[in-house]
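Numbering (the numbering used here), first residue to last: 301 to 568. Here's the structure, in structure tokens; my notes come after.
So, in structure tokens, the structure goes:
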């Protein structure tokens, strides 16, 4: 009788080893492809928000929406924020007080993020007391600052009423932006805004590379996520376009430690 042929143990181990080697060679390529797809999806959403801002301004005599009407961070349910105002221009969705459909929807969610705290975040210190394991850590947010009468804009979005009894701030006008194609309106952030370095200066080093990159009270990166897409971030500009910018470019500083990237500058 003829004996049936079969794999020997050594042959089986060789096959398994070859499969393992091939898998190890493919995983980096698959990982890069996945990251690239995430970046493309995010930048598409970013462009939609940038175009929404342009359409809103067209319907509002060239004026941009406020970050929010009143400063009330303790009770978000009674405050109308920028994403509530712009929601109808992004999709057939609206937001109602206390039930924002866009705050945590896929319209703002960056697929490059993850659950848990973002890198370099010191949970338990400063303003971040905790970070739940089910909290997503990357969203499309706005370039946020503070309006001061008689001074140059430090960001396109700010509160209308600071709650200090003073006069209401006028809305930003499209025509007041010196270079719309280089004026950043949106970027990847932890929640729904990033503090402009022209408002909250970088005076602290969150990632330990020896260069200031954060305000001491808002580590890391002034609530931004400038490294989420292959050590860069997607940004949406005032002219309606969106692009990826490297962390090195977006977070560049001059010899005095101040921001040196033109995308933060609203008025010359």
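Backbone N, C-alpha and C fix where the C-beta goes; we use that ideal spot for every residue, glycine too. Here the structure is a predicted model, which is why all the values come from computation and not from measurement.
The beta-bridge partner set that DSSP reports for residue 524 consists of 489. Partner residues in the beta bridge of residue 440, as assigned by DSSP, are 488. Rounded to the nearest angstrom, the gap between the Cα atoms of residue 498 and residue 317 is 55 Å.
Looking at the DSSP output, residue 543 shares a beta bridge with 535. The continuous stretches of beta strand (DSSP E) do not include residue 366, and DSSP gives it neither H nor E. Note on geometry: alpha-carbon atoms of residue 562 and residue 456 lie some 14 Å from one another. 9 Å or more divides the Cβ of residue 507 from the Cβ of residue 407. Counting every other CB atom within 10 Å of its CB across the protein chains shown gives residue 415 a total below 16, marking it as exposed.
Residue 418 is classed as buried because its beta carbon has at least 16 other beta carbons within 10 Å across all chains shown.
DSSP places residue 461 in the uninterrupted beta strand (DSSP E) bounded by 459-461.
Residue 556 is classed as exposed because its beta carbon has fewer than 16 other beta carbons within 10 Å across all chains shown. Taking 9 Å as the cut-off, the Cβ atoms of residue 566 and residue 524 do not count as close. A distance below 8 Å between beta-carbons, with the five flanking residues on each side excluded, links residue 475 to the following residues of its chain, in chain order: 362. The residue among 351, 342 and 338 with its C-alpha nearest the C-alpha of residue 537 is 351. By the criterion of a C-beta distance shorter than 7 Å, residue 391 is surrounded in its chain by 407, once the five residues flanking it on both sides are discounted. Taking residue 412 as reference, the option from 340, 560, 308 and 522 with the minimal CA-CA separation is 340. Counting only residues of its own chain and dropping the five nearest sequence neighbours on each side, residue 452 has a CB closer than 6 Å to the CB of 567.
Nearest Cα to residue 405 within the set 421, 422 and 383: 383. Distance between residue 527 and residue 481, taken at the CA atoms: about 22 Å.
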